[in-house]
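Below: one structure, written as C-alpha cells.
Protein chains: 2
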Amino acid sequence: MKRHGVRPALAEQILRLSAFHTYPAPGVLIGAFMVDYALELLGASPEEKLYGVCETPKCLPDALQVMARCTIGNNRLRILPIGKFAITLNAPAEGATAEAVRVYVDLAKLKEFPTIDQWYANSPSYDKEAMKDRLQDEIIAAGRAILSFERVRVTVERKKKWRSVTCPCCGETVPDYLIEGDRCGACGSRKYYTKI
Amino acid sequence: MKRHGVRPALAEQILRLSAFHTYPAPGVLIGAFMVDYALELLGASPEEKLYGVCETPKCLPDALQVMARCTIGNNRLRILPIGKFAITLNAPAEGATAEAVRVYVDLAKLKEFPTIDQWYANSPSYDKEAMKDRLQDEIIAAGRAILSFERVRVTVERKKKWRSVTCPCCGETVPDYLIEGDRCGACGSRKYYTKI
Numbered sequence: 005m006k007r008h009g010v011r012p013a014l015a016e017q018i019l020r021l022s023a024f025h026t027y028p029a030p031g032v033l034i035g036a037f038m039v040d041y042a043l044e045l046l047g048a049s050p051e052e053k054l055y056g057v058c059e060t061p062k063c064l065p066d067a068l069q070v071m072a073r074c075t076i077g078n079n080r081l082r083i084l085p086i087g088k089f090a091i092t093l094n095a096p097a098e099g100a101t102a103e104a105v106r107v108y109v110d111l112a113k114l115k116e117f118p119t120i121d122q123w124y125a126n127s128p129s130y131d132k133e134a135m136k137d138r139l140q141d142e143i144i145a146a147g148r149a150i151l152s153f154e155r156v157r158v159t160v161e162r163k164k165k166w167r168s169v170t171c172p173c174c175g176e177t178v179p180d181y182l183i184e185g186d187r188c189g190a191c192g193s194r195k196y197y198t199k200i
Numbered sequence: 005m006k007r008h009g010v011r012p013a014l015a016e017q018i019l020r021l022s023a024f025h026t027y028p029a030p031g032v033l034i035g036a037f038m039v040d041y042a043l044e045l046l047g048a049s050p051e052e053k054l055y056g057v058c059e060t061p062k063c064l065p066d067a068l069q070v071m072a073r074c075t076i077g078n079n080r081l082r083i084l085p086i087g088k089f090a091i092t093l094n095a096p097a098e099g100a101t102a103e104a105v106r107v108y109v110d111l112a113k114l115k116e117f118p119t120i121d122q123w124y125a126n127s128p129s130y131d132k133e134a135m136k137d138r139l140q141d142e143i144i145a146a147g148r149a150i151l152s153f154e155r156v157r158v159t160v161e162r163k164k165k166w167r168s169v170t171c172p173c174c175g176e177t178v179p180d181y182l183i184e185g186d187r188c189g190a191c192g193s194r195k196y197y198t199k200i
C-alpha cells in the first residue's frame, strides 16, 4: 500500500477492516477508500456519532462498521438492497431529514481501471483466480480516483416506541410492532428453522 | 467481570465487542455470553467459517460479527426482524439446510434476575438512568444462567447468480434481481435521499 501512496493511518485501518471481514475482499478495499473520503468530506471523525446508509449488503457495510463505527447492532447503519456501491454518511440531526454526503463508485471513472470495471460489472471476462491480485493492486492504486460524491438530504429514522407482547403460538415475547396478525414473525413469515 | 467468574479470554472478547459497538450495551453483553455458548455447543472455533442468524437487529448482531466472524459484509450473517433475543449458528453445509444450534434468552429463567427481566420486557418500571449499573452487573453475574438452547435445522441461502443491468432512470448499474419493474430500487421503493 505504501508503494501506491496510501497514508499509514489509512493502511492500518484497511488491515483492521480486512481482519474483521476475514479477508481483504475487493469490496472492502474500495469501501475503505469510500468511508475515508466520506469522513473527510463531512469534516467528521469516527469518534463522533455518525449515521451511515449502505446501498448494498455486499462487503461495503463492513467498512462503515469498522471505520465510521456505524454498526448494525448500534442502530447507526441502515442497509438498503439497492445494489449500488454507494454510501451516505451524516452527523446527528434534529429534524426528519439530515444533510449527508453520498460517495459512490463512478462508472465513468471505472473506464480508466479495466480490471475493476470488469469485476464491478460481473463481466464473464473477469477471471477471479487469474485476476484477483491485479484487481487488488488496481483498487489500491486507484484509491479515490474511481469515486465521486454528492451532497444529499436523507430521511432520518427514529427509534420506535414499543411494548412487549406474547405470541400466542410460541409463547415468547416480541415488540408489538413486529406481530404479524395473530402471531410473531418466527411463527409466521420469518420462519427459518425447524426443531431437530 | 473477574469477580463474577468470567474467564479471561471471554472478558477480553467482551471488551473488544464493546469497543466495536462503541459502548457495553446490555444487549451486547448478553450477546457475548450467547455467542460464547453457541460456539461451545457447536464445538466450533471462530477461526472456522460459520454462519449466523440473528433474530433481532438490536445489539445482538454485533456479538456474532465480532466473536463468530459472521459479518453483514462477508455474507455469513442473516438478520431477521423477528424481535427475539435469539441466534442460530451453524457450520457450512452442502444441502438446502444445515444443522444449527439456537441459543435464546429464556423468559422463564429471567424470573431469577429481576432487573434483566424488567429491561427485557421494556417495562415502565425499568428506569435506565437509575438502574443501568445494576442491569450490567446482573447480566455479567448471570452469564449463561438466563440462556437455553435447542438443536435446529435452518434453511441455507445460496449466493444468487446475477448480471449487471443499467437502470433507465438514473443510468447506474445494479444486479438484475434488484430491478423493480422499469427502475432500480433507488429510483423506486428504496428511495431515501434527495440531492441538495
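Respectively, the protein sequence lines represent chains W and A. Start counting the first sequence at 5; every next residue gets the next number (the working numbering). Start counting the second sequence at 5; every next residue gets the next number (the working numbering). Positions of the beta carbon are idealized from the N, C-alpha and C atoms, including for glycine. Values in this document were obtained by computation on a predicted structure and should not be read as measured data.
Next item on the list: State the start and end residues of the unbroken beta strand (DSSP E) segment that holds A/I76.
Entry: That residue, A/I76, is in no beta strand (DSSP E); it is neither H nor E in DSSP.
Notebook entry, point to check: Which residues of chain W have a Cβ atom closer than 8 Å to the Cβ of A/V178, listed in chain order?
Noted result: I86, G87, K88
Check: For W/E184 versus W/G192, is the C-beta spacing smaller than 7 Å?
Finding: yes
Check: What is the rounded straight-line gap between the Cα of A/V57 and the Cα of W/V70?
Finding: 20 Å
Notebook entry, point to check: What is the DSSP secondary structure of A/C171, counted as helix, strand or coil?
Noted result: coil
Notebook entry, point to check: So what does DSSP say about W/Y124, is it helix, strand or coil?
Noted result: helix
Check: Nearest to W/W166 by CA position, among A/N126, A/Y197, A/T177, is which residue?
Finding: Cα-wise, what sits closest to W/W166 is A/N126.
Check: Hey, quick one: how far does the alpha helix (DSSP H) through W/A190 stretch, first residue to last?
Finding: It is not in any alpha helix (DSSP H) - W/A190 carries neither H nor E in the DSSP assignment.
Checklist line | Bridge partners - A/R155, DSSP secondary structure assignment | finding: The bridge partners DSSP lists for A/R155 are A/V105.
Check: Quick one: what does DSSP say A/A36 is sitting in, helix, strand or coil?
Finding: helix
Item checked: Contact the stretch 29-48 of chain A vs the stretch 98-110 of chain A: 3+ CB pairs below 8 Å -> yes
Next item on the list: My understanding is that A/T159 touches A/A100, with C-beta atoms under 8 Å, so please give their C-beta distance in whole angstroms.
Entry: 7 Å
Next item on the list: Locate the alpha helix (DSSP H) running through W/I18, then write down its first and last residues.
Entry: 12-25
Check: By DSSP, does W/Y197 sit in helix, in strand, or in coil?
Finding: strand
Notebook entry, point to check: In chain order, what residues of the same chain have a beta carbon less than 6 Å from the beta carbon of A/M5, not counting five sequence neighbours either side?
Noted result: A15, I144
Check: What residues are listed by DSSP as bridge partners for A/G185?
Finding: For A/G185, which the question treats as bridged, DSSP gives no partner whatsoever.
Item checked: Contacts that A/P65 makes with chain W (C-beta to C-beta distance below 7 Å) -> Neighbours of A/P65 in chain W, taken as residues whose beta carbon is under 7 Å from its own, are I76, G77 in chain order.
Next item on the list: Please check if any C-beta of chain W sits within less than 7 Å of the C-beta of A/E161.
Entry: no
Checklist line | Spatially closest choice to W/Q17 from W/A36, W/A29, W/K199, by CA coordinates | finding: Checking every option, the nearest Cα to that of W/Q17 belongs to W/A36.
Checklist line | Which listed residue (W/I150, W/Y124, W/I120) has its alpha carbon closest to that of W/P138 | finding: The sequence given here has Arg at residue 138 of chain W, not Pro. Closest by alpha carbon: W/I120.
Check: When Cβ atoms are compared, which residues of the stretch 118-135 of chain A fall closer than 7 Å to chain W?
Finding: A125, N126
Next item on the list: Specify, as a first and last residue, the run of the beta strand (DSSP E) that A/A90 falls within.
Entry: 90-94
Checklist line | Close beta carbons around W/P50, own chain, < 7 Å, minus the five adjacent residues each side | finding: L43, M71, A72, R73
Note to self: For W/Q39 and W/L84, which I take to be in contact (beta-carbon distance under 8 Å), what is that distance rounded to the nearest angstrom?
What the structure shows: In the sequence under discussion, the amino acid at residue 39 of chain W is Val, which differs from the Gln named in the question. Not a contact, Cβ separation roughly 17 Å.
Notebook entry, point to check: Which same chain residues, not among the five before or five after A/E142, have their C-beta less than 7 Å away from its C-beta?
Noted result: F117, T119, I120
Notebook entry, point to check: Considering only residues of the same chain and omitting the five flanking positions on each side of W/P65, which have a CB-CB separation below 7 Å?
Noted result: C58, L81, I83
Note to self: Quick check: W/G77 and A/I86, are their CB atoms within less than 7 Å of each other?
What the structure shows: no
Next item on the list: Given a cut-off of 7 Å, decide if W/V32 and W/C63 are closer than it, judged by their beta-carbon atoms.
Entry: yes
Margin query: Let me see if you follow: with CB-CB separation under 7 Å, is W/L139 close to chain A or not?
Written below: no
Item checked: Contact with chain A by W/R187, beta-carbon distance below 7 Å -> no
Margin query: I'd like to know if A/H25 contacts chain W, where contact means its C-beta is closer than 7 Å to some C-beta of that chain.
Written below: yes
Next item on the list: Look up W/V178 in the DSSP assignment and say whether it is helix, strand or coil.
Entry: strand
Next item on the list: Name the residue from W/T198, W/D186, W/R157, W/P172 whose alpha carbon lies nearest to the alpha carbon of A/Y196.
Entry: W/R157
Next item on the list: Give a yes or no on whether 7 Å exceeds the smallest Cβ distance from W/P96 to chain A.
Entry: no
Notebook entry, point to check: W/T170 to A/W123, Cα distance in whole Å?
Noted result: 16 Å
Margin query: Quick check: W/K53 and W/P96, are their CB atoms within less than 7 Å of each other?
Written below: yes
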